[in-house]
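S.K.: The structure follows.
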Amino acid sequence: MSFTESSDRSAKKADHLKKIYYYEVALPLSLGKNLIYSSYDLFQKGDSVWVPLKSRKRSGLILRRELSSIKKKFDVKPILSLNFDRERLSPARMKWLYWLAEYYQYDLGLVLHLSFPPAGAFSKKPVSKTSSLKAVQRPSSPKFSPEALKPSLTEEQKKCLKEIQFSIKWGAEPDGPNQEIKTGEENAGFRVHLLHGVTGSGKTEIYFRLVEPALHRNESVLILVPEIALTPQHIERFSLRFPGQVACFHSGLSPKDKYQQWMSILKGEKKILIGPRSALFCPLPHLAWIIVDEEHESHFKQDEKLKYHGRDAAIYLGKCLNVPVVLASATPSMESWWNVQSGKYMYHRLKKRVFKTKVPKIEVVDMKKEKKGSDLPYWLSVPLYKSLKESLKRKEQAALFLNRRGENSLFCPACVYHFSCANCDISLTQHQSSHLLCHYCGFREEKPKTCPECGGTELFSFGIGTARLQKELEKLFPLARIVRADRDAVKNHKEWAYILNKIEKREVDMVIGTQMIAKGLDFPYLNLVGVILADQGLSRPDFRSAEKSFQLITQMAGRAGRREKPGQVILQSYHPSHPVVTFLKEGNYEKFSERELDLRKKYKYPPFGKLSLVRIQSISASLAFNVGLKIGAELKNIKNIEVLGPAPAPYFRLRNKYRYHLLLKSEKAGLLKQAGELILNSVKKGKPSAVRVDINRDPVYMF
């Protein structure tokens, strides 16, 4: 026997005598289950490992160690090695990821995969465990920009900042009634703060004052924005204040850039991370604050794959990591506002703008009274036309805001009666020309010939897109420099940055846009805002239509007159007496929210009830409908759940697939989880392969 053969036998004998461990491993695949692998090595929960799967090598995550006496009913394949390119996930991070998978009912492996560095850009050389630990050690304190960049705070800002800092240190607001002052150790950590400030009130400066001491302590801060389009301005402002400390992460970056940003955060080279909801999955060592800017924005909700809400996920991450969370908005969501009212969130108010200019008053134009014989297009009132001419003469900028959704809702222009569902208090949508339909419960009726309110015979749905708006404005103002900003005109974040740059350099006279121009942007020379056909937003087939309209128009109005000159806002409406229009004119968020919450409570919509939207889609409309009927019948066996539908989705046919919706309502989130599990089990057992079923917890869009 050779020496080599003897050594091999000795090694095998030694391996045989070693204790073997079995591990449950999650893979970044939609397998519907986790897999068991074995190893003689001792791994920890959260370790990333290489494992074989069929003929490929995959990276998986250790979830737990199984009993060594596991019965081998199948061949258990061995773990190949530790994956040194990926850091071990902390127990707090693991808890958060488990919650995401469980609450949003998504495959755990796919959720865990989001917490790994972007693929395709890893270093080819393996990293030692020692260097991995050094990568997350705190570097020396960063250098800050000159003190001259720090503007002085207003009294209101000082008060808000003091309240937030005091509550983090002592667990109560200063000078609050009957507050028991406790030690910082007992109360420091997780707490949710709602910072409610009018547009231009200096919320960003509050962020700066919270971030600076955290950086001096070598801690990191996460700033969430609703969408990629808002990152350039935030990055520029934070970089001026904290040079060399700002990283960004979003889907618009190349794989290489994503990896570089990810590693700069992990190593502590950069301590301020700015990005949309996907930034939540980045590793932030020693996290001090999570700040959610424009927390009311619906773009925080993802409606594909893992259908999570970025704001809600940020709050739960703060809870898992024991980190305070600041939600900021000029128009808080009804959910956040209710949490303030019920005492769950702390509340801080900024009512005044930093500059001496006041929040612009909204001038409402009754479109029913506009002369029909005018040479102007039907969508343009005389007051707005004159104001646009004056704006051009003064060489100032103007913005025209158009909400294109809800164009097919039928209404009577004589009395402004909107046709609504008898069951849901939701606007009915006109399909073709023959009937009206509710996309929530499926209620259907023939299109009436007369208005039931006033007997008028002129019933119509109307709408205008931004492209047509631009063409007609170019005819009216041939010398004006007009740009368009919407999803069709702006294809990527580079094009959006280019448009923003032109606006800031005053190379644009008029901006025409949809939601893109209403969100969190600062246009210093914009002094006129025109809201075209405000009724379009109010008549959307969505229980949130009033809230979204109030928020969007308030945000858009806030773009005007943010510096020394006062702004002007003109809102065109066929229904000037509508309560939402009245509250907008008064700038009265509190009264609006009171009315809106009363309506939500009546119909058990959030925040007084929980929703799940079940989408069934197939190339066969009848097959999708029948599967929806079957699921709906099974769900009715669960008590205290209301099942609406199946009803055709608002976008009934999309990418050659027909779509039906089931809407589930319950006052208890646990029952919706139970319903989701029943649906998923039912789908696994008897769903035809030609049908796809998705569950969307806490849906924001119903499309």
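All residue numbers for the sequence shown refer to my numbering, where the first residue is 2 and numbers rise by one. Even for Gly, the Cβ is constructed at its ideal location relative to N, Cα and C.
(1) Between the segment 332 to 344 and the segment 593 to 610, do at least 3 Cβ pairs fall closer than 8 angstroms?
(2) Among L655, E548, V582 and G110, which has the Cα closest to the Cα of R59?
(3) Using a Cβ-Cβ cutoff of less than 6 angstroms, which residues in the same chain neighbour H114 once the five nearest sequence positions on both sides are dropped?
(4) What does the Cβ neighbour count give for R87, buried or exposed, with the cut at 16 atoms within 10 Å?
(5) Can you tell me the Cβ-Cβ gap for N502 and E397, rounded? I've got them flagged as a contact below 8 angstroms.
(6) Tell me whether the beta-carbon of Y24 lies closer than 8 angstroms to the beta-carbon of R57.
(7) Take G559 as the anchor and find which of F524, P577 and S540 has the nearest alpha-carbon.
(8) Taking L614 as the reference, which of N641, S621, Y661 and S299 has the closest Cα?
(9) Buried or exposed for C1, going by 16 or more other Cβ atoms inside 10 Å?
(10) Classify V701: buried if its beta carbon has 16 or more other beta carbons within 10 angstroms, exposed otherwise.
(11) May I have a chain-ordered list of the alpha helix (DSSP H) segments no shorter than 4 residues that lie completely inside the segment 562 to 619?
(12) I'd like to know if the segment 94 to 101 and the segment 228 to 240 are in contact, where contact means that at least 3 CB-CB pairs between them fall below 8 angstroms.
(13) Alpha carbon to alpha carbon, how far is N179 from G319?
(14) Would you decide whether D48 is buried or exposed? Buried here means 16 or more other CB atoms lie within 10 Å of its CB.
(15) If distances are taken between C-alpha atoms only, which option among G344, K345, P277 and H287 comes closest to R312?
(16) To the nearest whole angstrom, what separates the beta carbons of G538 and N404, a pair I think is in contact under 8 angstroms?
(17) Any idea what DSSP makes of Y652, helix, strand or coil?
(18) Kindly indicate which three-state DSSP category H251 falls into: helix, strand or coil?
(19) Determine the burial state of Y606: buried for a count of at least 16 other Cβ atoms within 10 Å of its Cβ, exposed for fewer.
(20) Using 10 angstroms around the beta-carbon of S221, count the other beta-carbons present and answer buried if the total reaches 16, otherwise exposed.
(21) Suppose the cutoff is 6 angstroms on Cβ atoms and the five residues either side in sequence are ignored; what does the same chain contact list for E446 look like?
(22) Could you check which residue in L216, Y499 and Q516 has the C-alpha nearest to that of E508?
(23) Does the beta-carbon of Y260 have 16 or more other beta-carbons within 10 angstroms, so that it is buried, or is it exposed?
(24) What span of residues does the alpha helix (DSSP H) with G538 cover, start to end?
(25) DSSP on T467, reduced to helix/strand/coil?
(26) Do you know how far the Cα of L585 is from the Cα of H576?
(27) Any chance you could list the alpha helix (DSSP H) runs of at least 4 consecutive residues sitting entirely within the segment 218 to 301, in chain order?
(28) Grouping DSSP H, G and I as helix and E and B as strand, with all else coil, what is A486?
(29) Return the first residue and the last residue of the beta strand (DSSP E) that Q398 is part of.
(30) Judging by CA-CA distance, which residue of L636, S299 and Y317 is the nearest neighbour of M517?
(31) Below 6 angstroms CB to CB, which residues in the same chain sit around S141 once its five sequence neighbours on both sides are set aside?
(32) Using the three-state DSSP reduction, which class does D722 fall into: helix, strand or coil?
(33) Does DSSP put Q303 in a helix, a strand or coil?
(34) C245 to K271, Cα distance in whole Å?
(35) Tell me the rounded alpha-carbon separation between R354 and A415.
(36) In this structure, does DSSP put R57 in helix, strand or coil?
M.R.: Short version:
(1) yes
(2) Mapped onto the sequence shown, residue 59 falls at position 58. Out of L655, E548, V582 and G110, G110 has the C-alpha closest to the C-alpha of R59.
(3) Start at 1 with the first residue of the sequence shown, and residue 114 comes out as number 113. So the qualifying residues of the chain are P29.
(4) Within the sequence shown, numbered from 1, the residue matching residue 87 stands at position 86. Residue burial annotation: R87 is buried, with at least 16 other C-beta atoms found within 10 angstroms of its C-beta.
(5) Counted from its first residue, the sequence shown places residue 502 at position 501. Counted from its first residue, the sequence shown places residue 397 at position 396. Contact flag wrong, Cβ pair sits at about 18 angstroms.
(6) Translated into positions along the sequence shown, residue 24 becomes position 23. Translated into positions along the sequence shown, residue 57 becomes position 56. Their beta carbons are not under 8 angstroms apart, which means Y24 does not touch R57 by this criterion.
(7) Here residue 559 corresponds to residue number 558 of the sequence shown, with the count starting at 1. Residue nearest to G559 within the set F524, P577 and S540 is F524 (criterion: CA-CA distance).
(8) As a working note, residue 614 is residue 613 in the sequence shown. Of the candidates N641, S621, Y661 and S299, the one whose C-alpha sits nearest the C-alpha of L614 is Y661.
(9) Examination of residue 1 is not possible in this model, given that the chain is present from 2 through 704 alone.
(10) For the purposes of this step, residue 701 is identified with residue 700 of the sequence shown, where counting begins at 1. Buried: at least 16 other Cβ atoms inside 10 Å.
(11) 580 to 587 and 590 to 604
(12) no
(13) Here residue 179 is taken as the residue at index 178 of the sequence shown, counted from 1. Here residue 319 is taken as the residue at index 318 of the sequence shown, counted from 1. Residue confidence is low: N179 scores 29 on pLDDT, short of 50, so the model does not pin down where it sits. Its coordinate-derived value is still stated next. Taking the straight line from one Cα to the other gives about 27 angstroms.
(14) If you number the sequence shown from 1, residue 48 lands on position 47. When all chains shown are included, D48 counts as buried.
(15) On the sequence shown, residue 312 is found 311 positions in, with the first residue counted as 1. R312 has its Cα closest to that of P277, out of G344, K345, P277 and H287.
(16) Here residue 538 corresponds to residue number 537 of the sequence shown, with the count starting at 1. Here residue 404 corresponds to residue number 403 of the sequence shown, with the count starting at 1. Correct: roughly 4 angstroms between the Cβ atoms.
(17) Your numbering for residue 652 matches position 651 in the sequence shown. In the structure shown, Y652 sits in a strand (DSSP, three-state: E or B).
(18) Locating residue 251 in the sequence shown gives position 250, counting from the first residue. Note: H251 maps to coil in three-state DSSP.
(19) One-based indexing of the sequence shown puts residue 606 at position 605. Classification of Y606: buried, given that the 10 Å Cβ count is 16 or more.
(20) The residue labelled residue 221 in the question sits at position 220 within the sequence shown. Per the 10 Å Cβ criterion, buried.
(21) For the purposes of this step, residue 446 is taken as the residue at position 445 of the sequence shown. Closer than 6 angstroms at Cβ, skipping near neighbours: L437.
(22) Here residue 508 refers to the residue found at position 507 of the sequence shown. E508 has its Cα closest to that of Y499, out of L216, Y499 and Q516.
(23) Here residue 260 is taken as the residue at index 259 of the sequence shown, counted from 1. Residue burial annotation: Y260 is buried, with at least 16 other C-beta atoms found within 10 angstroms of its C-beta.
(24) Taking the first residue of the sequence shown as position 1, residue 538 is located at position 537. From DSSP, the alpha helix (DSSP H) with G538 extends over D536 to L539.
(25) Indexing the sequence shown from 1 puts residue 467 at position 466. Residue state, collapsed to three classes: helix.
(26) The residue labelled residue 576 in the question sits at position 575 within the sequence shown. The residue labelled residue 585 in the question sits at position 584 within the sequence shown. In a straight line, the C-alpha of H576 is about 13 angstroms away from that of L585.
(27) 232 to 242 and 256 to 267
(28) Stepping through the sequence shown from its first residue, residue 486 is reached at position 485. The answer is strand: DSSP assigns A486 an E or B state.
(29) The residue given as residue 398 occupies position 397 in the sequence shown. Taken as a continuous stretch (DSSP letters only), the beta strand (DSSP E) holding Q398 covers Q398 to L403.
(30) Reading the sequence shown from its first residue, position 516 is the one you call residue 517. Restricting attention to L636, S299 and Y317, the CA atom closest to the CA of M517 is found in S299.
(31) On the sequence shown, position 140 is the one that residue 141 refers to. Bear in mind that the predicted position of S141 carries a pLDDT of just 37, short of 50, making it too unreliable to give a figure here.
(32) This structure cannot settle anything about residue 722, because the visible part of the chain is limited to 2 through 704.
(33) Within the sequence shown, residue 303 is the residue found at index 302, counting from 1. DSSP places Q303 in coil when its eight states are reduced to three.
(34) Residue numbering aside, residue 245 sits at position 244 when the sequence shown is read from its first letter. Residue numbering aside, residue 271 sits at position 270 when the sequence shown is read from its first letter. Going by the sequence as given, residue 245 is Gly instead of Cys. Roughly 7 angstroms between the two C-alpha positions.
(35) For the purposes of this step, residue 354 is taken as residue 353 along the sequence shown, with counting starting at 1. For the purposes of this step, residue 415 is taken as residue 414 along the sequence shown, with counting starting at 1. Separation of R354 and A415 (C-alpha to C-alpha, rounded to the nearest whole angstrom) is 39 angstroms.
(36) Translated into positions along the sequence shown, residue 57 becomes position 56. Strand, per DSSP.
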